[in-house]
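When you number the sequence shown by our numbering, it's gap-free, plus one each residue, and the end is 356. Quick reminder that beta carbons are idealized off the backbone N, C-alpha and C, glycines included. Before any comments, here is the structure.
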Amino acid sequence: NEDYYDLIENTKKLKYIMKRPIQRNIYFEAYELRKELYNLLEPDIVMLNSNPLKNISNCIHYPNNQYYILNELKQNIKSYIRIKSDILNKENLNSALNEKGKILIIQSDDFTENGDLIIESEKGEGNILLREDLIQIIKNKDIKYQIIILCFPKSSKLIEDLNNTVDYLITFENFDNFKAEKFIMKKYNHESIQFLIDFITKIVDNKNNKDYDIIFQNAKETFLNNIKDIKNEMKLKNYIISVKRKNY
Numbered sequence: 109n110e111d112y113y114d115l116i117e118n119t120k121k122l123k124y125i126m127k128r129p130i131q132r133n134i135y136f137e138a139y140e141l142r143k144e145l146y147n148l149l150e151p152d153i154v155m156l157n158s159n160p161l162k163n164i165s166n167c168i169h170y171p172n173n174q175y176y177i178l179n180e181l182k183q184n185i186k187s188y189i190r191i192k193s194d195i196l197n198k199e200n201l202n203s204a205l206n207e208k209g210k211i212l213i214i215q216s217d218d219f220t221e222n223g224d225l226i227i228e229s230e231k232g233e234g235n236i237l238l239r240e241d242l243i244q245i246i247k248n249k250d251i252k253y254q255i256i257i258l259c260f261p262k263s264s265k266l267i268e269d270l271n272n273t274v275d276y277l278i279t280f281e282n283f284d285n286f287k288a289e290k291f292i293m294k295k296y297n298h299e300s301i302q303f304l305i306d307f308i309t310k311i312v313d314n315k316n317n318k319d320y321d322i323i324f325q326n327a328k329e330t331f332l333n334n335i336k337d338i339k340n341e342m343k344l345k346n347y348i349i350s351v352k353r354k355n356y
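Take a look at the structure:
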């Protein structure tokens with residue numbers, strides 16, 4: 109415990125130095141050192157985001173989701189938590205699945221009609237990760253997360269293959285988004301991200317020991333209320349689906 113609090117205090121000091129560096133090189137030295145210290149701490153939340161510079165599909169999405177989510181969580185969550193955020197690619201996905209935390213978020217701004225993910229290269233280019241490859245990567249791991257959130261349309265197509273790999277799996281219902289109007293997809297994607305922020309905030313700040321299902325339903329109700337102006341166009345039944353591990 110002493111080591112843990114020492115790490116926290118030192119990362120705070122390094123953050124202060126980064127805000128007011130005496131010299132340019134000191135900023136980068138503090139940045140690299142803080143990153144090393146963070147890697148000694150087990151993350152509470154691991155978040156992988158893909159936001160390619162150029163979309164492969166024709167869908168329009170809310171931009172810069174990674175930075176937007178992190179900024180909103182920072183403002184909304186009152187407790188100290190360790191969030192590890194990185195680009196969604198195969199290497200980082202494999203690395204994240206080897207870690208231990210409460211929540212793993214896999215979020216992409218782009219996807220195919222089949223439900224394949226568009227992952228992001230180091231140069232910001234989009235590459236397709238086939239749905240069956242994503243399933244295989246996850247199923248080959250000993251998952252140590254309590255919750256996995258697949259935050260992209262059509263992710264419900266993975267339920268049948270992944271519903272017993274984690275205690276709780278949250279997916280978004282499949283619908284023919286490629287025929288939807290651009291304003292509908294933009295609204296839907298924005299509110300999906302808001303659901304993510306709302307749900308995580310409620311989970312972390314759960315002071316009254318509310319049941320997970322109650323927290324999920326409350327966040328989902330807020331989401332449904334926020335998309336009421338486009339629900340008639342989408343005509344979905346569940347929108348967001350939560351699946352528990354059998355006998356959990």
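Three-state secondary structure assigned by DSSP to residue i
i    : result
S263 : helix
F136 : helix
L201 : helix
D217 : coil
K121 : helix
D111 : helix
I168 : Any answer about I168 is weak, because its pLDDT of 49 lies below 50 and its placement is not dependable; what the coordinates show is given next. I168 falls in the coil class under three-state DSSP.
Residue burial classification, residue i (beta-carbon count within 10 angstroms, cutoff 16)
i    : result
G232 : exposed
I335 : buried
K127 : exposed
L205 : buried
Q325 : exposed
S229 : exposed
S187 : exposed
Y253 : buried
Q131 : exposed
Q183 : exposed
D218 : buried
Q339 : Note that residue 339 is Lys in the sequence shown, not Gln. Exposed.
K328 : buried
N173 : buried
D224 : buried
L148 : exposed
Own chain, CB closer than 6 Å to residue i, minus 5 neighbours either side, in chain order
i    : result
N346 : E281
S263 : T279 and F280
T119 : R142 and L145
I191 : I153
I168 : Its pLDDT being 49, under 50, I168 is placed unreliably in this model, and the coordinates cannot settle the point.
I214 : L156 and L258
E180 : I305
K318 : none
8 Å Cβ shell around residue i - same chain, five flanking residues per side excluded
i    : result
F331 : E299, S300, Q302, F303, D306, Y347 and I348
I323 : F307, K310, I311 and N314
M342 : F283, A288, I292, Y296 and I335
I245 : K198, L201, N202 and L205
Y112 : L149
P129 : Y135 and A138
Proximity to residue i [Cα-Cα], best of the options
i    : options                   : result
D152 : E207, Q183 and Q174       : E207
N222 : Y135, F260, I251 and D313 : F260
L258 : K252, L270 and G209       : L270
I236 : V274, N159, N248 and L181 : N159
L266 : Y124, Q174, S350 and F136 : S350
K247 : L225, N272 and D224       : N272
I189 : L178, E268 and I195       : L178
I227 : D194, K318, E140 and Y124 : D194
E240 : S216, E268 and D250       : E268
Proximity below 8 Å, CB of residue i to CB of residue j
i    : j    : result
K352 : Y276 : yes
I185 : T309 : yes
I211 : I243 : no
N200 : L156 : yes
G234 : E150 : no
A138 : L115 : no
Chain-order list of residues whose beta-carbon lies under 7 Å from that of residue i (same chain, five-residue window excluded)
i    : result
N333 : none
D321 : none
I125 : I134 and A138
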